[in-house]
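Please read the structure below before turning to the comments.
Numbering (our numbering), first residue to last: 3 to 343.
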């Protein structure tokens, strides 16, 4: 009888261990602990094991010619191999371009970071909580507390295609928090920043991007919309469990991996800016890398200072549930490890 409590404890511990093993993200663990292959191409060739239909990787390392790595399919239905120069929906990576626009307009005295949402859009007072105290800088930095329109009504099952429709989703809703007291990623911030850029420049935001970013950098494979390109040049996008190819959905900017990589290099070395003062404005408001995620398309765009390398990764299979995004991060981290060996 003396040993009965010990036996019960052992049984409880065993059951706890078995239950905890059930919750271990085994696909991530398995992908992570596999020995590194001998080359980046061999790693990229494993994309299908990670559940991706196709992958494009662009590497621009100082002192070396840019490299492209692909595997899987540009279009799975027709078994068209992945193309290094395919156009891809870069999703939230476009926030880097928007933030550069804001920095340039601040430098040109056309936007004041300390002015409020109400200063520029008085009609939103009473429709967006704290409009009188939310500054432009808070919006750039996702510290406004304005709710994120893509978080509501199962948004991606029925996305809206105009800023007006998207803004309506969050009008009159309570703020997520008081301005500048917290951080919450919100696409609504950048919708409003787009509206601000267009208001002060009196032109579409992409026209400003084209004039002040793309043309100076000679980036000719970056586009505003799916409607501006040859659809056959766009990599197909897939959502797990959904048969439709999502490439015809109009959800923002497109670019090749090379164009996004060249932009990221220019952002990090400062050549996208007029001078150091303009760059300092940017540094005070936003970051120098990003990721992107919309149905069918996920991307990672980062500069690695220690190896002076820009690495872009595009994968064209998405699942908002499960480990899909985490597996793209594992793939990316292993590519970086291989670059550093």
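Ideal placement from N, C-alpha and C gives every residue a C-beta, glycine not left out.
For residue i, name the three-state secondary structure that DSSP assigns.
{"i": "residue 302", "result": "strand"}
{"i": "residue 77", "result": "strand"}
{"i": "residue 88", "result": "coil"}
{"i": "residue 292", "result": "strand"}
{"i": "residue 164", "result": "coil"}
{"i": "residue 311", "result": "strand"}
{"i": "residue 83", "result": "strand"}
{"i": "residue 283", "result": "helix"}
{"i": "residue 2", "result": "Given that the chain is displayed from residue 3 to residue 343, the structure contains no residue 2 and the question cannot be resolved."}
{"i": "residue 135", "result": "coil"}
{"i": "residue 148", "result": "coil"}
{"i": "residue 46", "result": "helix"}
{"i": "residue 173", "result": "coil"}
{"i": "residue 57", "result": "strand"}
{"i": "residue 241", "result": "strand"}
{"i": "residue 71", "result": "strand"}
{"i": "residue 183", "result": "coil"}
{"i": "residue 63", "result": "strand"}
{"i": "residue 202", "result": "helix"}
{"i": "residue 250", "result": "helix"}
{"i": "residue 118", "result": "strand"}
Assign residue i to one of two classes, buried (16 or more other C-beta atoms within 10 Å of its C-beta) or exposed (fewer than that).
{"i": "residue 258", "result": "buried"}
{"i": "residue 298", "result": "buried"}
{"i": "residue 261", "result": "buried"}
{"i": "residue 164", "result": "exposed"}
{"i": "residue 24", "result": "Low local confidence applies: a pLDDT of 45 at residue 24 is under 50, so the model's placement there is unreliable, with the coordinate-based value given in what follows. Exposed: under 16 other Cβ atoms inside 10 Å."}
{"i": "residue 56", "result": "buried"}
{"i": "residue 274", "result": "buried"}
{"i": "residue 54", "result": "buried"}
{"i": "residue 32", "result": "exposed"}
{"i": "residue 283", "result": "buried"}
{"i": "residue 303", "result": "buried"}
{"i": "residue 159", "result": "exposed"}
{"i": "residue 96", "result": "buried"}
{"i": "residue 90", "result": "buried"}
Looking only at its chain, what residues have a beta carbon closer than 6 Å to the beta carbon of residue i, apart from the 5 residues adjacent to it on each side?
{"i": "residue 225", "result": "231, 256"}
{"i": "residue 247", "result": "238"}
{"i": "residue 171", "result": "151, 154"}
{"i": "residue 295", "result": "93"}
{"i": "residue 300", "result": "317, 320, 330"}
{"i": "residue 177", "result": "131, 132, 147"}
With distances taken between CB atoms, is the gap from residue i to residue j smaller than 8 Å?
{"i": "residue 233", "j": "residue 249", "result": "yes"}
{"i": "residue 161", "j": "residue 253", "result": "yes"}
{"i": "residue 140", "j": "residue 182", "result": "yes"}
{"i": "residue 137", "j": "residue 118", "result": "yes"}
{"i": "residue 315", "j": "residue 334", "result": "yes"}
{"i": "residue 310", "j": "residue 64", "result": "yes"}
{"i": "residue 70", "j": "residue 86", "result": "yes"}
{"i": "residue 78", "j": "residue 240", "result": "yes"}
{"i": "residue 187", "j": "residue 214", "result": "no"}
{"i": "residue 98", "j": "residue 292", "result": "yes"}
Please work out which residues of its chain come closer than 8 Å, Cβ to Cβ, to residue i, disregarding the five sequence neighbours upstream and downstream, and give them in chain order.
{"i": "residue 50", "result": "73, 74"}
{"i": "residue 142", "result": "101, 104, 115, 191, 195, 287, 288"}
{"i": "residue 339", "result": "38"}
Apart from the five residues just before and just after residue i, which ones in its own chain have a Cβ nearer than 7 Å to its Cβ?
{"i": "residue 210", "result": "103, 199, 203"}
{"i": "residue 30", "result": "325, 328, 329, 332"}
{"i": "residue 196", "result": "100, 165, 207"}
{"i": "residue 219", "result": "264, 265, 268, 274"}
{"i": "residue 43", "result": "71"}
Strictly by DSSP, which residues pair up with residue i?
{"i": "residue 99", "result": "For residue 99, which the question treats as bridged, DSSP gives no partner whatsoever."}
{"i": "residue 130", "result": "127"}
{"i": "residue 257", "result": "90, 224"}
{"i": "residue 108", "result": "DSSP lists no partner for residue 108."}
{"i": "residue 320", "result": "241"}
Strictly under 8 Å for the Cβ-Cβ distance: is residue i near chain C by that measure?
{"i": "residue 244", "result": "Checking the listed chains, one finds no chain C in this structure; it contains a single protein chain."}
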